[in-house]
Amino acid sequence: MSGHAPGDPASNGQAPGARAGAPDVAFDPTHVPKALRERPQWVAWRFETRGGKPTKVPVDPRTGKRASSTDPSTWVTFNEAVAAWRASDRYAGVGFVFSADDLFTGVDLDACIDESGSLVASAQEIIESLNSYTEVSPSGRGVKVFITGRKPDGVGCKSKAIDGFKEVEVYDRERFFTVTGQHVAG
Numbered sequence: 053m054s055g056h057a058p059g060d061p062a063s064n065g066q067a068p069g070a071r072a073g074a075p076d077v078a079f080d081p082t083h084v085p086k087a088l089r090e091r092p093q094w095v096a097w098r099f100e101t102r103g104g105k106p107t108k109v110p111v112d113p114r115t116g117k118r119a120s121s122t123d124p125s126t127w128v129t130f131n132e133a134v135a136a137w138r139a140s141d142r143y144a145g146v147g148f149v150f151s152a153d154d155l156f157t158g159v160d161l162d163a164c165i166d167e168s169g170s171l172v173a174s175a176q177e178i179i180e181s182l183n184s185y186t187e188v189s190p191s192g193r194g195v196k197v198f199i200t201g202r203k204p205d206g207v208g209c210k211s212k213a214i215d216g217f218k219e220v221e222v223y224d225r226e227r228f229f230t231v232t233g234q235h236v237a238g
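When the letters of the sequence shown are read in order and numbered with the working numbering, they come out as residues 53 to 238.
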């Protein structure tokens, strides 16, 4: 799941100016896999404060209002999401929405990058076993893996703490993942 087509916003290398509430890891559309870019399941996102903590909120880039992970009318194409992100400092980045209509599943490994920027061994093992597109999360402290396949019915979305890091979350629908394009080899 890699590569980009000429003419895509991903291929022109344009970077935005400074953004309010910018993530620690910058968005780079050039590495987002084509298989994801082809799906019209994209949103912009911004930080909002809830309970005194920053949270990532999906936004419909056409309206500037909150997007819904269950309402496709609030999603756009990758090109539209990237164009909106480039045009407005309101957005910290773009995100992909997992849907029952696609075969993608997202695996979120929280707090698995140590202070030196290295992956903890248990996270590296998971990434290697999944053998799929992996990227650093906006915080720079976790990774997200995009795989093809479905989560088995009846399996929960969150694990308990795993040796070396906080937890693993797995979603295959009704959830959005922020996307950085900051590829991690594995």
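Backbone N, C-alpha and C fix where the C-beta goes; we use that ideal spot for every residue, glycine too.
For this session: Within 10 angstroms of the Cβ of Asp153, are there 16 or more other Cβ atoms? Answer buried if so, exposed if not.
Result: Counting C-beta atoms within 10 angstroms of its own C-beta, Asp153 has fewer than 16 neighbours from the protein chains shown and is therefore classed as exposed.
For this session: Going by CA-CA distance only, name the one from Ala175, Phe229 and Gly233 that's closest to Val95.
Result: Among Ala175, Phe229 and Gly233, the Cα nearest to that of Val95 belongs to Phe229.
Exercise. Can you give the Cα-Cα distance for Glu100 and Phe130, rounded to whole angstroms?
Worked result: Roughly 23 Å separates the two Cα atoms.
For this session: Grab the span of the beta strand (DSSP E) containing Ile178 for me, first residue to last.
Result: It is not in any beta strand (DSSP E) - Ile178 instead sits in the alpha helix (DSSP H) that spans Ala173 to Leu182.
Exercise. Can you list, in chain order, the residues of its chain whose CB lies under 8 Å from that of Thr122, leaving out five sequence neighbours each side?
Worked result: Excluding its 5 nearest sequence neighbours in each direction, Thr122 has C-beta neighbours in its own chain below 8 Å: Glu226, listed in chain order.
Problem set entry | Close beta carbons around Asp160, own chain, < 6 Å, minus the five adjacent residues each side | Sequence-distant partners of Asp160 (beyond 5 residues in either direction) whose C-beta falls short of 6 Å from its own C-beta, in its chain, are Lys196 and Glu221.
Problem set entry | Span of the alpha helix (DSSP H), counted from its first residue to its last, around Lys86 | Lys86 to Arg89 is the extent of the alpha helix (DSSP H) around Lys86.
Problem set entry | Boundaries (first-last residue) of the beta strand (DSSP E) holding Ala133 | No beta strand (DSSP E) holds Ala133; the alpha helix (DSSP H) holding it covers Phe130 to Ala139.
Problem set entry | For Glu132 and Pro113, believed in contact at Cβ under 8 Å, the rounded distance | The beta-carbon distance between Pro113 and Glu132, rounded to whole angstroms, is 6 Å. This is short enough to meet the 8 Å contact definition.
Problem set entry | Status (buried if at least 16 other CB within 10 Å, exposed otherwise) for Ser151 | Its Cβ being crowded by 16 or more others within 10 Å, Ser151 is buried.
Problem set entry | Among Ser189, Leu155 and Ser191, nearest to Glu90 - alpha-carbon criterion | Comparing Cα-Cα distances from Glu90 to each of Ser189, Leu155 and Ser191, the minimum goes to Leu155.
Problem set entry | In DSSP terms, what Leu155 is bridged to | Leu155 is bridged by DSSP to nothing; it lacks a bridge partner.
Problem set entry | Endpoints, the beta strand (DSSP E) within which Arg227 is located | Element bounds for Arg227: Arg227 to Val231.
For this session: Just grab the DSSP bridge partners of Asp160 for me.
Result: According to DSSP, which records beta bridges pairwise, Asp160 is partnered with Lys196 and Glu221.
Problem set entry | Assigned exposure category for Asp224 - 16 Cβ within 10 Å defines buried | Buried is the label assigned to Asp224, since at least 16 other Cβ atoms lie within 10 Å of its Cβ.
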